[in-house]
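The structure appears below as structure tokens.
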Amino acid sequence: MADESLVRLRGVAKDYKRGAETVHVLHALDLDIPKGDFLALMGPSGSGKSTLLNLIGGIDRPTAGSIEIAGIRTDAMSDGDLGRWRANHVGFVFQMYNLLPVLTAERNVELPLLLTKLPAAERRKRANAALGLVGLSERAQHKPRELSGGQEQRVGIARAIVSDPTLLLCDEPTGDLDRKSGDEILDLLQALNQQQGKTIIMVTHDPHAAARAKHVLHLNKGQLGREAAA
Amino acid sequence: MLKYLPLLWANLGRKRLRTSLTLASIIVAFLLFGLMQTLRVAMTGSPELAGIDRLITMHKTSFVQSLPLAYLNRVKGVDGIVVATSQDWFGGIYQEDKNQIAAFAVEAPTFFEVYSEYQLTPEEKQTFLQDRTGVIVGPLLAERFKWKVGDTIPLRSNIWTRKDDGGNVWPMKIAGIYQASNGDNQSMYFHYDYLNESRREIRDMIGWVVVKVKDPDRSADIARAIDDLFRNSSTETKTSTEKAFIQGFANQMGNIGKLLTFVAAAVFFTMLLVTANTMGQSIRERFNEIGVMKTLGFSGAGVTFLIIAEAILVTGLGGLIGLGLAALASKGIGAAVAQFFPVLGMPSATWGIGVVLILLLGGLAAAIPCAQASRLKIVDALRKS
Ligand SMILES: Nc1ncnc2c1ncn2[C@@H]1O[C@H](COP(=O)(O)OP(=O)(O)O)[C@@H](O)[C@H]1O
Ligand SMILES: [Mg+2]
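Residue numbers (the numbering used here), protein chains in the order written: chain A, 21 to 250; chain B, 466 to 850.
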């Protein structure tokens, strides 16, 4: 099992300095996530769920321990290498969508592709394919503020998957949505996992959302406890 | 690079009012800068008008003070001189006070020997030399007032009064329209004798002497020899090259120019602060978005590049519009003040300096937000919403 892990954390710790005092958010954490998993990460607020997700996604660095993803050690990479690695391997979905307000849905989804050498026409094609996949083709030319929360989040998902990443990391993707829109997002994530084989790690404190995952992990005081999904 | 243009453009539209106001300030700053450049060059004169083989002898104190006519003949005797001629400022006005004309009373035959770049047809020249009240005028001046050869012009002086009737109008008959290769298209030259015998204030006095030397390399020696002639007399002289003379005249204007330049620089500096502040504000509001872009894989250098590019897009747009307006306005000003200065429009070097300023202004305005953005950790940036 350990050998097939897509994500492998060993002895990962994370401290934050807040003024003079040091906050130990995560300690000596081991974690293995297999390829194709849909993992829900639960836990009380402030338990370090986002911190863990950020470490896996390479937008933060562990204080100690090692992080290996698809056989690559990311914790020791330079900032530049890590940025390029993220562009190729990770898609992020945020609770507040985090779309650029000045760009249309299409341009938002195209944004990660600007870092590639793809010609403009190909970038457009892929952006629209991703928008099609989340069911928002007709809204391609709309700006974020002209969309509902659920639609904005679907654009966010399209942006996360447009460069076909190894890992999809979602931090409370339904946290700001009503039940119906939230369910649509969860349907979408489930479909991406089941039909496209995307490996998804989703932070949530909503048991209803966690129920859609294949596995659920509980984070408490920097420690993990695993349980099977209901 | 072009693929980022829609993003840059979209960012400018983020707060239309703010962008417009910033743009407007930059346009005004560069308009001012362009006009200052025009004025500065106009006021410091065009030394290209000067001949290198010409010297000007004038009153030691200032060129508005006259010299005795007798000096002309004494200067003519100095070794190394080809020919010398005299000039006197008339202060010409035609019809209305605003129509100021550069009119000079000259010693006619020698004028053409010293200023060989002034051309007339043989008949015109003949007419001029034979007619005591004759005058030759520049082609632009003739065109401006629709003057033709043979017309008699009542030219008023704002300096001299007539002995006979106490008036200040001297009728002059246009003998010819000269062509000058040095760019002087708007002057009038008439006979010194005509002025000298009829003006009340002074007699047998001239404004200054223009000398043509055989060997420009010896100009300094000749100038000293001329001034030595009159040393310790009641009217000492100062002889300099024509180029230095034009610049000396311009220096009085140049001081005003310096003041204006100083004001422009102050305004420009203020603009820099305003732009930097606006840019900084606009970027700080976007720290969260910058965090998102970095999350997507944009590098610190990439984000810095985009911020600088955005700043330079604003300063470039504003700067080029401002300079364009300045170039247009300079043309207008050039036409209006043509009788005082040969303004040839905004100097083309202004564009080059302008581009440097655009890059500098944009770069400096972006520097602070860039430094802040690059120091920002992604997780911290994302926590700002
Ligand atoms: N960038 C940071 N700087 C300082 N403290 C942080 C930072 N990120 C998180 N923390 C702290 O770490 C703890 C865990 O935060 P987080 O991972 O966001 O929790 P969760 O997502 O489970 O609510 C909290 O106490 C939080 O205040
Ligand atoms: Mg969180």
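Don't be surprised by glycine CBs; every beta carbon is placed ideally from N, CA and C.
Cβ of residue i within 7 angstroms of any chain A Cβ
i	result
Arg481 (chain B)	no
Pro834 (chain B)	no
Val844 (chain B)	yes
Ser764 (chain B)	yes
Ala475 (chain B)	yes
Thr456 (chain B)	The requested residue 456 (chain B) is not part of the displayed model; chain B covers only 466 to 850.
Lys468 (chain B)	yes
Glu754 (chain B)	yes
Thr760 (chain B)	yes
Arg779 (chain B)	At residue 779 (chain B) the sequence reads Val, which differs from the Arg that was named. Closer than 7 angstroms: no.
Residue j beta carbon less than 7 angstroms from that of residue i
i	j	result
Gln115 (chain A)	Asp191 (chain A)	yes
Ala125 (chain A)	Val154 (chain A)	no
Phe752 (chain B)	Ala846 (chain B)	yes
Ser490 (chain B)	Met736 (chain B)	yes
Lys55 (chain A)	Leu26 (chain A)	yes
Val739 (chain B)	Asp518 (chain B)	no
Leu534 (chain B)	Ile671 (chain B)	yes
Met637 (chain B)	Phe610 (chain B)	no
Ala549 (chain B)	Val674 (chain B)	yes
Ile205 (chain A)	Thr194 (chain A)	yes
Ala645 (chain B)	Glu582 (chain B)	yes
Ala150 (chain A)	Val129 (chain A)	yes
Ala832 (chain B)	Ile772 (chain B)	no
Ala568 (chain B)	Met653 (chain B)	yes
Residue burial classification, residue i (beta-carbon count within 10 angstroms, cutoff 16)
i	result
Val728 (chain B)	exposed
His228 (chain A)	exposed
Ser698 (chain B)	exposed
Lys218 (chain A)	buried
Phe734 (chain B)	exposed
Ala570 (chain B)	buried
Pro619 (chain B)	exposed
Asn742 (chain B)	exposed
Thr617 (chain B)	exposed
Arg159 (chain A)	buried
Gln651 (chain B)	buried
Leu75 (chain A)	buried
Trp635 (chain B)	buried
Gln591 (chain B)	exposed
Ile492 (chain B)	buried
Where residue i falls: helix, strand or coil (DSSP)
i	result
Tyr36 (chain A)	strand
Pro636 (chain B)	strand
Pro54 (chain A)	strand
Val43 (chain A)	strand
Val602 (chain B)	strand
Gln171 (chain A)	helix
Asn623 (chain B)	coil
Gln161 (chain A)	coil
Val728 (chain B)	helix
Gly767 (chain B)	helix
Glu192 (chain A)	coil
Ser65 (chain A)	coil
Ala231 (chain A)	coil
Phe752 (chain B)	helix
Met222 (chain A)	strand
Ala628 (chain B)	With the sequence shown as reference, residue 628 (chain B) is identified as Lys, and Ala is not the correct amino acid for it. Reduced to three states, the DSSP call for Lys628 (chain B) is coil.
Tyr643 (chain B)	coil
Leu186 (chain A)	Note that residue 186 (chain A) is Thr in the sequence shown, not Leu. Coil, per DSSP.
Short CB-CB distance (under 7 angstroms) between residue i and chain B
i	result
Gly100 (chain A)	yes
Leu75 (chain A)	no
Ala60 (chain A)	no
Asn148 (chain A)	no
Ala107 (chain A)	yes
Gly103 (chain A)	yes
Asn118 (chain A)	yes
Leu138 (chain A)	no
Glu132 (chain A)	Note on identity: in this sequence residue 132 (chain A) is Pro, with Glu being the wrong assignment. Cβ-Cβ to chain B under 7 angstroms: yes for Pro132 (chain A).
Ile221 (chain A)	no
Asp80 (chain A)	yes
His235 (chain A)	no
Val45 (chain A)	no
Leu135 (chain A)	yes
Note to self: Restricting to runs no shorter than 3 residues, where is the beta strand (DSSP E) found entirely within the region 485 to 570 of chain B?
What the structure shows: Taking only runs of at least 3 residues, the beta strand (DSSP E) segments lying wholly in the region 485 to 570 of chain B are 519 to 524, 546 to 554.
Check: Fully enclosed by the region 646 to 699 of chain B, which beta strand (DSSP E) runs are 3 residues long or longer?
Finding: 652 to 656, 673 to 678
Margin query: As an exercise, report each continuous beta strand (DSSP E) stretch of at least 3 residues that is fully enclosed by the region 95 to 152 of chain A, in chain order.
Written below: 110 to 113
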